[in-house]
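In terms of the working numbering, the sequence shown opens at residue 35 and continues consecutively.
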Amino acid sequence: MRQVTEQPQEPASSQDVADTPQTTETTPDAQAEAPVEAPTDTPVEAPVEAPAEAEGDASEEASATEEAAQERPATPAPAPRPTPGAVRPTPRPVQPPAPPVAAAPEATEVGHTTSVDREAAAAFGRVDENGTVWVRRADGEHEVGAYPDATPEEAVAYFVRKYEELVAQVDLFDQRLRSTELGGKDIVAGVSGLRTALAETRAVGDLDALAARVEALATVADEARAAADRARAAHREELRTARLAIVEEAEGIAGQDPEKVQWRASGERLRTLFEDWKTAQREGRLDKRSEDELWKRFSHARSAFDKMRRHHFAALGEQRNSIRSDKEKLVVEAEALSTSTDWRGTTNAYRALMDRWKAAGRLGRKDDDALWDRFRAAQDVFFAARTAANEAVDEEFKDNLVVKEQLLVEAEALLPIKDLAAAKKALAGIQDRWDAAGKVPRNDLGRVEGRLRAVETAVRDAEQARWSRTNPEAQARAGGLASQLENAIRDLEADVEKARASGDARALSRAEEALRARRAWLDAAQATLREVR
């Protein structure tokens with residue numbers, strides 16, 4: 035649908051010529067300047083006779099009124115524009131009609147009908163004795179145009195229909211303004227078009243009321259444009275907020291600690307954010323300054339992340355090369371030790387190699403596993419040989435195990451110890467034979483050594499207990515304490531007698547209590563003395 039900003043003017047098609055008599059609109063300037071007769075080489079459109087291609091339409095609509103035929107103009111190929119002299123051979127020149135505009139058909143396309151009272155509209159027009167049509171307005175009468183070879187009623191009716199077309203344009207714009215979402219430019223262009231059409235169209239009707247209505251619509255249009263501007267600004271802010279959220283998330287990803295970044299997940303998220311950015315652009319564009327600023331930030335974040343990732347993996351590659359070199363050296367050392375028969379020394383050496391392997395760090399899973407398989411294979415060779423050698427030795431030591439188990443039976447028979455001196459002597463003989471018996475299999479070593487150690491510990495504890503009881507220092511300490519307590523008891527007994535003699539019950543109670551405590555301590559000291567003696 036074309037916008038209503040097009041200026042409504044009289045159609046100039048052959049159908050218009052067939053349906054309506056040819057008219058001319060004059061202005062004072064045109065009357066003064068136009069020639070009386072048209073040039074002979076200018077095509078002239080006859081005011082009465084219609085072209086041949088329009089005659090069929092006129093005959094088909096013969097039963098319809100002239101008004102109905104004029105209200106439904108067809109749109110065939112444009113006919114030549116008539117000259118003023120050819121239309122009206124009078125001394126007053128006539129201005130040719132303006133180019134056709136599809137305003138009235140446009141109203142018909144949307145199914146809009148006006149409610150113009152033609153009789154009321156015609157009351158604003160008149161035709162003078164020269165056939166000129168005038169329209170009455172608040173500031174006086176204005177010349178509209180001429181309708182040659184027609185009755186005054188037909189002339190006024192024609193220009194009333196021009197007024198109807200203008201009203202249809204206003205109605206259409208009113209409808210679109212209130213029922214659709216017009217952009218700010220469309221609103222401005224629509225109001226401007228109506229004002230221009232109102233100023234330029236020659237019509238008969240209540241033009242002042244229509245002008246007031248256009249100005250009222252202009253006020254509504256201004257409010258609608260302001261609302262549209264606010265809605266557009268709010269929408270742009272929503273778009274900017276969404277775009278800013280994308281940028282800030284991208285900057286957060288780019289600002290992570292390189293040692294803690296999950297590179298795969300972060301890279302996928304940045305790609306998703308880039309798709310979100312393109313989607314947001316399709317939904318609406320921001321102003322150039324905001325668009326450029328946010329895009330630069332977003333692009334910088336993506337570039338920074340990519341640079342950080344390249345740097346990280348380059349450093350990681352160097353680090354892995356160093357780790358690979360260190361582990362390859364460890365593998366070479368392990369393989370060199372695999373044939374050693376120094377069981378104890380080589381075992382310690384393999385432990386040291388394992389510590390260095392753990393400290394070296396990790397490669398990629400595939401490379402690390404390959405080197406570890408070589409390292410472990412070298413260890414397996416050595417430890418398999420050591421196990422075989424130990425098994426051969428253990429076979430030789432089985433007879434020694436039998437001897438030591440018999441010695442353990444003798445040693446354990448000494449418990450519990452009743453005669454310390456005899457037990458010590460017997461244990462010494464068992465220990466000599468134990469050493470002479472030699473080694474036992476490795477798996478039995480801890481068991482038999484532990485049983486003999488338990489008998490040795492029991493004999494040593496018995497000897498220590500005996501020493502504690504016969505210690506001269508302990509005897510001296512116990513004797514001195516007993517002597518001190520005996521002296522204290524004698525003094526307290528004297529205090530008791532004095533308190534009893536004086537009748538001091540309180541002093542007597544304290545003295546008797548202290549005496550009982552010293553006598554208890556003396557009994558304990560004498561028991562200890564008897565034990566150590």
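The C-beta atom is built at its ideal place from N, Cα and C for all residues, glycine as well.
Bounding residues of the alpha helix (DSSP H) (the contiguous stretch that carries residue i)
| i | result |
| --- | --- |
| Ala180 | Per DSSP, Ala180 belongs to no alpha helix (DSSP H); it is in the beta strand (DSSP E), 174-180. |
| Val443 | 432-446 |
| Thr380 | 377-394 |
CB contact flag (residue i, residue j, <8 Å)
| i | j | result |
| --- | --- | --- |
| Val150 | Glu198 | yes |
| Phe409 | Ser374 | no |
| Val161 | Pro186 | yes |
| Leu314 | Arg277 | In the sequence as displayed, the identity of residue 314 is Ala instead of Leu. Yes. |
| Ala252 | Val281 | no |
| Arg238 | Gly159 | What sits at residue 238 in the sequence shown is Val, not Arg. In this structure, Gly159 lies closer than 8 Å to Val238 by Cβ. |
| Lys473 | Leu405 | no |
| Ala338 | Ala288 | yes |
| Ile523 | Leu549 | yes |
| Arg358 | Asp401 | yes |
| Ala255 | Leu211 | yes |
| Leu526 | Ala545 | yes |
| Glu285 | Arg331 | yes |
| Pro531 | Leu556 | For clarity, residue 531 is Glu in the given sequence; the question names Pro instead. No; because the gap between Cβ atoms is not below 8 Å, this pair is not in contact. |
| Ala243 | Val190 | no |
| Arg236 | Val178 | yes |
| Ala559 | Ala516 | yes |
| Leu241 | Arg171 | yes |
| Ala266 | Ser324 | The sequence as given places Arg at residue 266; Ala does not occur at that position. Taking 8 Å as the Cβ cut-off, Arg266 and Ser324 do not qualify as a contacting pair. |
| Ala496 | Leu454 | yes |
| Ala423 | Trp377 | yes |
| Ile464 | Val493 | no |
| Val482 | Leu448 | no |
| Ala180 | Val167 | yes |
| Leu307 | Glu283 | yes |
| Leu387 | Leu364 | yes |
| Ala246 | Leu232 | no |
Residue range of the unbroken beta strand (DSSP E) whose run includes residue i
| i | result |
| --- | --- |
| Gly463 | Here Gly463 belongs to no beta strand (DSSP E); instead the alpha helix (DSSP H) covers 454-471. |
Cross-strand partners of residue i (DSSP beta bridge)
| i | result |
| --- | --- |
| Asp159 | First, the amino acid is wrong: residue 159 is Gly here, not Asp. Bridge partners of Gly159: Val169. |
Residue i beta carbon near the ligand ZN (any heavy atom closer than 7 Å)
| i | result |
| --- | --- |
| Phe332 | This structure simply doesn't include the ligand ZN, nor any ligand for that matter. |
(message) Restricting to runs no shorter than 4 residues, where is the alpha helix (DSSP H) found entirely within the region 273-325?
(response) 297-317
(request) Please go through the region 480-548 and give each complete alpha helix (DSSP H) segment of 4 or more residues, from N-terminal end onward. (result) 506-536
(request) Could you tell me which uninterrupted beta strand (DSSP E) segments, each at least 3 residues in length, are contained entirely in the region 202-283, listed from first to last along the chain? (result) none
(message) Using 8 Å as the cut-off, can you tell me whether the region 261-268 makes contact with the region 289-299, which would need three or more C-beta pairs spanning the two stretches below that distance?
(response) no
(request) Could you say if the region 330-349 and the region 297-313 meet the contact criterion of at least three C-beta pairs nearer than 8 Å? (result) yes
(message) With a threshold of 8 Å, are at least 3 pairs of Cβ atoms found where one atom belongs to the region 459-475 and the other to the region 432-448?
(response) yes
(request) Decide if the region 354-373 is in contact with the region 412-428; the criterion is three or more beta carbon pairs, one per stretch, under 8 Å apart. (result) yes
(message) With three or more C-beta pairs closer than 8 Å as the rule, is the region 431-439 touching the region 389-404?
(response) no
(message) Below 8 Å, how does it come out for the region 221-235 and the region 201-212: are there three or more Cβ pairs, yes or no?
(response) yes
(message) For a minimum of 3 consecutive residues, which ranges assigned as the beta strand (DSSP E) are wholly contained in the region 323-356?
(response) none
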